[in-house]
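K.L.:
Sharing a structure, written as structure tokens. Questions coming.
Here is the structure:
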């Protein structure tokens, strides 16, 4: 059961990461670009199992 | 500025942050901590040899066996149950690198929860490591956390139900080694680690288990021995002797019968060993501390904790001298040595005698680093890694 939850969790992390990258590309405001990139970092760290 | 250029610039800065922080976390998790085995270490075993469920996992930690020249009792000293309480780990390091058993047998564990040594408190901005100065340079240690690394054990439940008592505990304590005893073979990594430690204690017929800890000054269980009821006489004897002869206060209190998962309760209940837990003061853990730095960790000096003391909010005194790591480690080495001596007075047929480990006054005088051995001067086969 834990394994299934873990797989779903990492899929969600990947999905949110893709959404954030998409938003970085699409937004026209530089403040939001910075915000999305900062928010993206912990998601990528978790996706790569670094922290 | 064209949006593509701006986005690329921000992207590169973000990537830089990701790489630098990622490298820091990666290196911290894998920092090799050498142990130059002292002449007293007769063998190094793996915890997994007592329970195959944790064999090859991050918590398959080293067990250092020191066989005495003469037979006697068996004592096991646990360091790193809570890795962010480094005096416990450092005290066990001094035993593994220096101790020579004359009578009886000593089993030392430096990283009881090895997974917990590979992470720091999430969101706590803790330093990833700290260094102890020695005569041959500095030796760096992972700081660690109170709980197993979520990368090794996840997810946490809404409520942690302790096995086998069924007591409800805080959800996060399902990753707390000192809330998971006696463990179970089909449980989480932390529960399996506790089960493996229990199996080792039972199979090696350990007589005394000492679990080394540190506590914040705002926590009432501090500067004390917590004992299972079967260790009452021994703990009282040790407490009185240390307070009388070594110049530092060491209290004694009973392990609550209704608080489950702790080593001092469950090891005593589920094995024949007398279980004791020693607490030293660590201002680094106090919620009212100032900057969470390596210096604060090692010196134990903190003006905010001192201020709390002036308002009567602490259970242990603190002044401008703080609580230096040498003082905290010295308390632990003396307390372990005194336990062996007091045990021997009470059980002359099963003695324990240990030499070559510095006591409280000597650790303060020379510093912990004076007793850490240079791994570069040890033969390769006499070095282990934590």
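Protein chains in written order, with my numbering: chain R, 128 to 178; chain P, 22 to 407. Where a beta carbon is used, it is the ideal one built from N, C-alpha and C, also for glycine. Please read these numbers as outputs of a predicted model, since none were measured by experiment.
Is the separation between the beta-carbon of residue 350/P and that of residue 108/P shorter than 8 Å?
P.N.:
yes
K.L.:
Looking at the unbroken alpha helix (DSSP H) that takes in residue 263/P, where does it start and where does it end?
P.N.:
253-266 is the extent of the alpha helix (DSSP H) around residue 263/P.
K.L.:
Hey, residue 174/P and residue 196/P are a contact pair by Cβ (cut 8 Å); roughly how many whole angstroms apart?
P.N.:
5 Å
K.L.:
As a quick exercise: from 289/P, 281/P, 316/P, 271/P, pick the residue whose alpha carbon is nearest that of residue 338/P.
P.N.:
Comparing Cα positions, the closest option is 271/P.
K.L.:
Using the C-alpha atoms, what's the distance from residue 340/P back to residue 220/P?
P.N.:
Straight-line Cα distance between these residues: approximately 43 Å.
K.L.:
I'd like the list of long-range same chain contacts for residue 321/P, defined as Cβ closer than 6 Å, with 5 residues on each side in sequence excluded.
P.N.:
304, 343, 344, 345
K.L.:
Does any C-beta atom of chain P lie closer than 8 Å to the C-beta of residue 152/R?
P.N.:
yes
K.L.:
Straight-line CA distance for residue 363/P to residue 373/P?
P.N.:
Cα to Cα, the separation comes out at about 9 Å.
K.L.:
Tell me, which residues are paired with residue 272/P by DSSP?
P.N.:
245/P, per the DSSP bridge assignment.
K.L.:
At which residues does the alpha helix (DSSP H) containing residue 290/P begin and terminate?
P.N.:
Residue 290/P -> alpha helix (DSSP H) spans 284-291.
K.L.:
Under 8 Å between C-beta atoms, does residue 135/R make it to chain P?
P.N.:
no
K.L.:
Using only the alpha-carbon positions, how far apart do residue 357/P and residue 178/R sit?
P.N.:
35 Å
K.L.:
Would you call the region 206-214 of chain P and the region 70-85 of chain P in contact, with 3 or more CB pairs under 8 Å?
P.N.:
yes
K.L.:
Tell me, to the nearest whole angstrom, how far the beta carbon of residue 347/P is from that of residue 326/P; I am working on the premise that it is less than 8 Å.
P.N.:
Contact doesn't hold; Cβ gap of about 18 Å is too wide.
K.L.:
Since residue 185/P sits in a beta bridge, which residues does DSSP pair it with?
P.N.:
DSSP, once it has assigned bridges, lists no residue as partnering residue 185/P.
K.L.:
Measuring CA to CA, which of 203/P, 401/P, 252/P is closest to residue 185/P?
P.N.:
Its Cα nearest to that of residue 185/P, the residue 203/P stands out among 203/P, 401/P, 252/P.
K.L.:
Select from 175/R, 170/R, 160/R the residue whose C-alpha is nearest the C-alpha of residue 34/P.
P.N.:
160/R
K.L.:
Can you grab the Cα-Cα spacing for the pair residue 167/R / residue 154/R, in whole Å?
P.N.:
Their Cα atoms are separated by approximately 15 Å.
K.L.:
With C-beta atoms as the reference, is residue 172/R less than 8 Å away from residue 165/P?
P.N.:
Going by C-beta atoms, residue 172/R is not nearer than 8 Å to residue 165/P.
K.L.:
Are residue 61/P and residue 87/P touching if we call contact CB-CB under 8 Å?
P.N.:
Between residue 61/P and residue 87/P, the C-beta gap is smaller than 8 Å, which places the two residues in contact.
K.L.:
Starting from residue 150/R, follow the beta strand (DSSP E) in both directions and report where the run begins and ends.
P.N.:
No beta strand (DSSP E) holds residue 150/R; the alpha helix (DSSP H) holding it covers 129-153.
K.L.:
Interface residues of chain P around residue 161/R at Cβ under 8 Å?
P.N.:
31
K.L.:
Which residues of chain R have a Cβ atom closer than 8 Å to the Cβ of residue 28/P, listed in chain order?
P.N.:
151, 152, 160
K.L.:
Taking all protein chains shown into account, decide if residue 335/P is buried (16 or more other Cβ within 10 angstroms of its Cβ) or exposed.
P.N.:
Its Cβ being crowded by 16 or more others within 10 Å, residue 335/P is buried.
K.L.:
Within the 8 Å Cβ cut-off, does residue 174/R reach chain P?
P.N.:
no
K.L.:
Using three-state DSSP, classify residue 406/P as helix, strand or coil.
P.N.:
Looking at residue 406/P - three-state DSSP - the assignment turns out to be strand.
K.L.:
Listing by chain order, which chain R residues have their CB less than 8 Å from the CB of residue 47/P?
P.N.:
177
K.L.:
Can you name, in chain order, every residue of its own chain whose Cβ lies under 8 Å from the Cβ of residue 145/P, other than the five neighbours on each side?
P.N.:
For residue 145/P, where only same-chain residues beyond five positions count, the Cβ hits under 8 Å are 313.
K.L.:
Within the 8 Å Cβ cut-off, does residue 175/P reach chain R?
P.N.:
yes
K.L.:
Residue 120/P lies in the alpha helix (DSSP H); which residues open and close that run?
P.N.:
Where residue 120/P is concerned, there is no enclosing alpha helix (DSSP H), given that its DSSP letter is neither H nor E.
K.L.:
Which residues of chain P have a Cβ atom closer than 9 Å to the Cβ of residue 266/R, listed in chain order?
P.N.:
Because chain R spans 128 through 178 in this model, residue 266/R falls outside it and cannot be assessed.
K.L.:
Would residue 332/P be called buried (16 or more neighbouring beta carbons within 10 Å of its own) or exposed?
P.N.:
exposed
K.L.:
Can you round the beta-carbon distance between residue 133/P and residue 198/P to whole angstroms, since I take them to be within the 8 Å contact cut?
P.N.:
6 Å
K.L.:
Taking all protein chains shown into account, decide if residue 359/P is buried (16 or more other Cβ within 10 angstroms of its Cβ) or exposed.
P.N.:
Within a 10 Å sphere around the beta-carbon of residue 359/P sit 16 or more other beta-carbons, which makes this residue buried.
K.L.:
Are any of the Cβ atoms in chain P nearer than 8 Å to that of residue 147/R?
P.N.:
no
K.L.:
If you follow the beta strand (DSSP E) that residue 84/P is part of, which residue opens it and which one closes it?
P.N.:
83-88
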